[in-house]
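Chains as they are written, first to last, in this note's numbering: chain S, 1 to 313; chain E, 314 to 577; chain X, 578 to 841; chain A, 842 to 1128; chain V, 1129 to 1415.
All C-beta atoms in this analysis are idealised placements derived from N, C-alpha and C, irrespective of residue type, glycine included.
Here the structure is laid out as structure tokens; the discussion comes afterwards.
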Amino acid sequence: EKITIMVGGAAKIIYLPARLTEQLGYFKDEGLDVEILSQPAGVDAENELLAGAVQGVVGFYDHTIDLQSKGKEVEALVIFGQVPGEVEMVSTKAADTFKSMADAKGKTLGVTGLGSSTSFLTQYLAQRAGVPSTQYTLLPVGADNSFIAAIKQNRIDAGMTTEPTVSQLLKTGDAKVLIDMRTLEGTRAALGGTYPASSFYVQRAWAESHKSDAAKLSHAFAKTLNFIATHSAEDIAAKMPKDYYGSNKDLYIGALKASLPMFTKDGKMPADGPETVLRVLSAFNPSVKGKHIDLAKTYTNDFVAAPVKTAAK
Amino acid sequence: MNQPMSRETPAIELRNVSCRFISPDGKATVALRDFSMSVARGEFVAIVGPTGCGKSTTLSMITGLLKPTTGEVRVMGAPVDGIDPRIGFVFQADAVFPWRSVIDNVAAGPLYRGRSKSAAYDEANEWLRRVGLDKFSKHYPHQLSGGMRKRVALAQTFINRPEILLMDEPFSALDMQTRTLMQDELLQLWGGAGSVVFVTHDLEEAIALADRVFVLTARPATLKKVYEIDLPRPRVTSEVRYDPRFIEISRDIWHDLREEVQIG
Amino acid sequence: MNQPMSRETPAIELRNVSCRFISPDGKATVALRDFSMSVARGEFVAIVGPTGCGKSTTLSMITGLLKPTTGEVRVMGAPVDGIDPRIGFVFQADAVFPWRSVIDNVAAGPLYRGRSKSAAYDEANEWLRRVGLDKFSKHYPHQLSGGMRKRVALAQTFINRPEILLMDEPFSALDMQTRTLMQDELLQLWGGAGSVVFVTHDLEEAIALADRVFVLTARPATLKKVYEIDLPRPRVTSEVRYDPRFIEISRDIWHDLREEVQIG
Amino acid sequence: MSTTPQQTMPTGIDTASLEHVERVAQKRIRQRQLLVISLRIAVLVVVLGGWELSARLKWIDPFFFSMPSAIFDQIVDWFVNGTSQGPLLTQVWVTLEETGLGFIIGSVAGIFCGIVLGRNKLLSDVFSLYIKIANSIPRVVLGSVFVIALGLGMASKVALAVVMVFFVVFANAFQGVREADRYMIANAQILGASRRQVTTSVVIPSALSWILASLHVSFGFALVGAVVGEFLGSKQGIGLLISTAQGAFNASGVFAAMIVLAVVALAADYLLTAVEQRLLKWRPAAV
Amino acid sequence: MSTTPQQTMPTGIDTASLEHVERVAQKRIRQRQLLVISLRIAVLVVVLGGWELSARLKWIDPFFFSMPSAIFDQIVDWFVNGTSQGPLLTQVWVTLEETGLGFIIGSVAGIFCGIVLGRNKLLSDVFSLYIKIANSIPRVVLGSVFVIALGLGMASKVALAVVMVFFVVFANAFQGVREADRYMIANAQILGASRRQVTTSVVIPSALSWILASLHVSFGFALVGAVVGEFLGSKQGIGLLISTAQGAFNASGVFAAMIVLAVVALAADYLLTAVEQRLLKWRPAAV
Ligand SMILES: Nc1ncnc2c1ncn2[C@@H]1O[C@H](COP(=O)(O)OP(=O)(O)OP(=O)(O)O)[C@@H](O)[C@H]1O
Ligand SMILES: Nc1ncnc2c1ncn2[C@@H]1O[C@H](COP(=O)(O)OP(=O)(O)OP(=O)(O)O)[C@@H](O)[C@H]1O
Ligand SMILES: O=C([O-])O
Ligand SMILES: [Mg+2]
Ligand SMILES: [Mg+2]
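So, in structure tokens, the structure goes:
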């Protein structure tokens, strides 16, 4: 039976394991028939999951917490990124007066959308640096091109985005890295712990009723994460469809290199991860704020850890 | 209306009909005032009157296209309520269907009424021949002259052999010769069976065709006078006009009408 | 054309004009064949001919609305190229502007030609009075009767005092009395100054008004005969028809026309 | 029956019977209005009631589709307590401003191009092709282009509303111009109208019902354009309200915002109908 | 000048001069076609050349706006090597299928509702209001609703195309029906037409130019709807091609995909024009 997975932008590097698994043939190896759909807008993926239109979603882990606060049980089976892969970029023109988040006062900060993960992270970073949200302006600018345009047109002083937008901005010199959450160290420094983000999640009920499929999917993804850990950026890029890097393969490889540290090696939830996420959300997400969240129900390592039933080839 | 009395009830009856239009500046135009007339079954009536007096309005009320402001209109004994397909109406303005070819326009009536295609087209061809348009059956209306379009409208109406035939200046766009031919065609079609109300500005035409001529006053129209045309039938329209009685009636009506028109 | 010779060049000249239409089934309809005519300045010409022979087509070519298939049309000595505003044209069909009130329709010409608003409306009011519609100046065309709309079109054209006046069955929707009044109005407006081409199916009207009557053959129209109407001017249209010369000409043209119409 | 003497007609039909006739007619009109309004309410009740019921009986999942009572509560809450972006009316105003500007610019441009191309065969032969091409560009993609070119301010939303409106209005204006009666145009030319006068006094009036029909549908489109623009990045407006609600899985918020949009659209349509009735008062009343 | 005897006319104007006249006329037509085509090419050259030039001279940033040569290369590459989602033609076919279905369903529904409501005053009084409301709903929001209700298959894309098309076609069909000449309708009734016959033989033919005008513009809208639908989640189609290119900062890819859409739209419009000319062959040729 076919399994459909919605990816919040299949071409995005943070979600790279999804398509890579397919490219490597690991789904087939597990005897699965998986269909990968892409949805750049992202926001509807969870609705589609809950409505049963798709069986799994590749997206940010924080959605599982958010959904639990609304009474919907969704759990992450595989964690791709132990860190957000997000970078707070500061526009080169503003860089002189904007050296750390503490300088955010009076500035305009770009996020992909209000109420998005980037907005919660930005607010949290500012709060940790002692700047209350009343002292800066958040401006939703979207991702990719519109983010770059916003930097170039001086509409934002700094903003949070992912690869390959980061590499692109660095290449043109329009912006510099302020806070790097592509690496474990950077993330620990910024957020005080790991921050699992990019992940594969399903409805709890589905996982329970499709234990074998869930395990196979988890294994396939885990194998891919292992592949990533053991191969160079060039090797990985060679496996990806060419439209994912367009005409600029070097940029893609550069971006990939910078991103590789963010991926887990085994797909398991890092121990301190869920708490960090909850801390960030409780601070700024009105629907999570003040609610009791049972973090144990938002993820499971059982499937990645489970012994392989079908003999691996 | 029950069958037995149907011979006595008039085909058309207007009882104290008034018709008032409200113009944009709020003033009322009264087209008809307290107007009564009655047309018997099998009767041929002509209506003459000054331009803008209310002739077309009267026909519209008989068809049910327009409701009288006050008074009552009855057709075949029953009050008019909507459009009655026993009526045939040759409109004063062009109302042929521009998207149908000439033959399709003429065949429209029989086809609407459920006749078979072949029967309808046979009959339509016959009527096209009678109105002299057999060579133009595939043309569209915009490719015809004004007089030819009018003849299409005539064939379209005649083909239905309506019990009541209303005609609003049907022949005014035709040359004398064609007009005479169409008049004879009309008289033959009518043959004393149906009822005809014929609006025209041509007095001689009115007298040559009709059993009675209704002369209307200027707006608001009321009935000024009714002339019984006691010329013998069958009439040959091209000859009857030399009859001394014809000339006499003609002069009388002419005189009546002259009184009604004051311009300048 | 240089000034000196302008008195001699005819106002309108058609030289060996043919006009052919292609119908949808691929057959050609030839409306005019090798047709030549010429109208002098200050001349009043009437055209009569069987329905559908090509009269309206001729007028369209003179205005430049239609191009001849072969041959040449010249107006005031120059080949026709587009629409010439020295021409006035009363169309056979309705062409008044439905979104303008009666007075705005009549004032359109002077306003287009740059007259001041007050002058244009003064003149328009005067013309409305002459055509007997002064009480309807605020009405919109759809609120008028057929004959009233035609009178709006007449006033609309007359107000421009065109040098060349083309009229396509202008009076056929009018009753006898109004018609006579309008004919006199036309003769007065013309006064022997401009050139008039007047298409009609009413022979008596043609003879009463024109200097020359052109009789056309059936389609494809060619010029069958030209009648010089040598009745003295000024003519009173209601009296001239009892003139013995009038009756004679009338009979001749009637005879000519009869030959042209074969229906059925 | 009454004999009030001041009621005499200019040209008299007898007063009493006329009055009676008029009273009957007015009564019939009132009855009809009542019927229409009750039917409208009936439709509303059936739809909303069915929705509420199916949501309460869990035939449809209120998590996705919300239910009328919750939507109503949300609107009241926004109205009373304001939205997270500020007062509700501010949001409405922001979106309305973008929509209005986009609608006006788009329809003026559409009417202008429609008339110019409709009147000029050569121009239309050359440019129609490119307008068709432009019309096939997905608006959301255009949206990102606008954001890049015009920034995230009002301009990009207005631009998006403009391109939503332009093509519909253009198509109708163009066709409306071509439908103008050629005899009427000829008549104007003969009466002495210049090309420009023909356009303003014949072509535009006769294309008016075409243009107005397109304006009715395209106000809704302008609204859609503005909202999509707000989706792509903005600080205020109904579009942001919707996307925030979507992000928070607040279906009631999504539907509540749509209802606010509907109210705006209906108000605009009401105004447009009033303008239309003035402009088309020369027409015979529809039967 | 030539005297070929088989060329005699049914009713003869002399053959030689007619032939000459016809040759002149045909030559003029050919010259005009040439003019139109060269002007079209000129416009294209100016636009593309200007674009290429400004990109090469860095007046506009080719990173955002690409340039024609790069777009062309991208199209060639897709054509020759396929896209990463599969062959280009498959993508076109997927989108075309969604568009075509949406277009057909949307326009049939629009025409049907337009005619029914246009012919029935009571129904229109009751329902027009709700249609106006529906038209103010942003299509992207509807998109999410459709996905939830209909799943991520073709159905949701088709539904989105349908709602893009429906309102435009409805508005024009409705108004077209109301514009039908009342004397023409009366004439048909008098000739014996039933209500249904009046609709099919008078109302629809006279509304046809309204309906066709709306179909021209709404094919582009159907395309937009399908592409937006693909944005909401799909594994094939031009919409996905665009969004992948957007994510890879491949502006050439974005524009290349739009050009593919334009070709599809032009081909469809060409077909539509052919149908239109058949249906409207009764009309006087435009001058
Ligand atoms: N819709 C309307 N609104 C206002 N007045 C109208 C309307 N329809 C007709 N009238 C008026 O009613 C009067 C009678 O019109 P009607 O068409 O019946 O005249 P008629 O006798 O047929 O004239 P004609 O011989 O010129 O055709 C006219 O004065 C006209 O102005
Ligand atoms: N567009 C056209 N296509 C084909 N044939 C046409 C077209 N226009 C006119 N004709 C034909 O040309 C002929 C002459 O038409 P025209 O209108 O000039 O006649 P007319 O003399 O004015 O007739 P009437 O007295 O009836 O007005 C007719 O046979 C008509 O069918
Ligand atoms: O393009 C639209 O999303 O309507
Ligand atoms: Mg009349
Ligand atoms: Mg004619």
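In angstroms, rounded to a whole number, what distance separates the CA positions of residue i and residue j?
i	j	result
His-210(S)	Glu-48(S)	18 Å
Val-1291(V)	Leu-1389(V)	19 Å
Gly-71(S)	Ala-1277(V)	20 Å
Val-616(X)	Glu-805(X)	13 Å
Lys-1409(V)	Ser-827(X)	44 Å
Thr-931(A)	Asp-918(A)	15 Å
Ile-520(E)	Ala-359(E)	8 Å
Arg-651(X)	Phe-598(X)	21 Å
Val-78(S)	Gly-1078(A)	37 Å
Ser-282(S)	Phe-120(S)	9 Å
Gln-1038(A)	Ser-965(A)	20 Å
Ser-1235(V)	Phe-1298(V)	8 Å
Met-6(S)	Glu-1225(V)	22 Å
Val-862(A)	Leu-502(E)	40 Å
Gly-395(E)	Arg-1310(V)	14 Å
Ala-1115(A)	Arg-873(A)	21 Å
Val-131(S)	Ala-104(S)	7 Å
Taking Cβ positions, are residue i and residue j nearer each other than 8 Å?
i	j	result
Ile-1026(A)	Gly-665(X)	no
Val-790(X)	Pro-627(X)	no
Leu-191(S)	Val-54(S)	no
Ala-506(E)	Gly-355(E)	yes
Gly-1367(V)	Tyr-425(E)	no
With distance defined between alpha-carbon atoms, name the residue in the options nearest to residue i.
i	options	result
Phe-404(E)	Lys-380(E), Ala-531(E), Met-480(E) and Arg-464(E)	Met-480(E)
Phe-775(X)	Leu-731(X), Val-683(X), Val-650(X) and Asp-711(X)	Leu-731(X)
Arg-663(X)	Asn-682(X), Arg-677(X), Glu-740(X) and Asp-671(X)	Glu-740(X)
Gly-267(S)	Phe-80(S), Leu-16(S), Gln-39(S) and Leu-20(S)	Phe-80(S)
Val-1002(A)	Gly-1017(A), Thr-936(A) and Val-887(A)	Note on identity: in this sequence residue 1002(A) is Ala, with Val being the wrong assignment. Of the listed residues, the one whose Cα sits closest to Ala-1002(A) is Thr-936(A).
Ala-1335(V)	Ile-1239(V), Ser-1256(V), Val-1352(V) and Asn-1263(V)	Ile-1239(V)
Helix, strand or coil for residue i? Go by DSSP, reduced to three states.
i	result
Tyr-434(E)	helix
Arg-314(S)	Not covered by the structure: residue 314(S). The range shown for chain S is 1 to 313.
Arg-715(X)	Here the sequence assigns Lys to residue 715(X), which means Arg is not the residue at that position. Coil.
Tyr-252(S)	helix
Val-465(E)	helix
Lys-1155(V)	helix
Met-6(S)	strand
Met-269(S)	coil
Pro-846(A)	Confidence is the limiting factor: at Pro-846(A) the pLDDT is only 36, short of 50, which leaves the residue's position unreliable and the question unanswerable from this model.
Ser-827(X)	helix
To the nearest whole angstrom, what separates the beta carbons of residue i and residue j, a pair I think is in contact under 8 Å?
i	j	result
Thr-794(X)	Cys-596(X)	Going by Cβ atoms, the distance from Thr-794(X) to Cys-596(X) rounds to 14 Å, so no, they are not a contact pair.
Gln-915(A)	Ala-1097(A)	4 Å
Val-87(S)	Asp-180(S)	5 Å
Leu-834(X)	Met-489(E)	7 Å
Ala-1373(V)	Gly-1381(V)	3 Å
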